[in-house]
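Visitor: First residue of the sequence shown: 1, per the UniProt record's numbering; consecutive thereafter.
By construction, the Cβ of each residue, glycine as well, lies at the ideal position given by its N, Cα and C atoms.
The structure under discussion is supplied below as structure tokens; questions concerning it will follow.
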Amino acid sequence: METFTEITPEQAFELVENEGGTLCDIRDAHRYAYSHAQDAFHLTNESYGHLLDEVDYDEPLIIMCYHGVSSRNTAQFLVEQGFEQVYSVKGGFDGWVHAGLPIETTY
């Protein structure tokens with residue numbers, strides 16, 4: 001894969017559930033703490049090293065932001081770092097919520 005693939009929130013959920021994909025949320029810390037997709041890894045500049053320790057380069061990586069725009073840049077960066085299966089979630093966290101997929105929240 002030389003570029004990432006855009007997928008729907010439902011497809012992202014299926015990748016996580018059925019293929020062991022890692023869902024990465026790149027939103028700011030405040031928004032992530034308030035609510036995020038169930039079991040999402042909070043990917044930041046500071047946590048990137050931890051991601052490298054935990055994920056194999058051939059495992060699916062699914063990137064999520066607010067609305068599905070910023071995640072594209074992060075997804076392309078990860079492809080350039082050698083990850084083989086990288087996806088960006090269309091509609092981001094907003095699309096995930098509207099699809100009725102599981103979230104974790106503090107409210």
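#1: Looking at the secondary structure, which residues open and close the alpha helix (DSSP H) in which Q81 lies?
#2: Which term fits I62, buried or exposed, when burial requires 16 or more other beta carbons within 10 angstroms of its beta carbon?
#3: Cβ of E17 within 7 Å of any heavy atom in the ligand COA?
#4: Just how far apart, CA to CA, sit S47 and D53?
#5: Taking Cβ to Cβ, would you say Y57 is nearer than 8 Å to E19?
#6: From this set, D28, G21 and H36, which residue's C-alpha is nearest F93's C-alpha?
#7: Could you check whether H42 and Y34 sit closer than 8 Å to each other, using their CB atoms as the reference points?
#8: Given a threshold of 16 other Cβ atoms within 10 Å of its Cβ, counted over all protein chains shown, does T22 qualify as buried or as exposed?
Guide: For this structure:
#1: Membership of Q81 in any alpha helix (DSSP H) is not indicated, and neither H nor E is assigned to it by DSSP.
#2: Flag for I62 reads buried.
#3: Among the ligands in the structure shown, none appear at all, so the ligand COA cannot be discussed.
#4: Separation of S47 and D53 (C-alpha to C-alpha, rounded to the nearest whole angstrom) is 10 Å.
#5: Not a contact, by the Cβ cut-off of 8 Å.
#6: Closest option to F93, Cα to Cα, is H36.
#7: No.
#8: Buried: at least 16 other Cβ atoms inside 10 Å.
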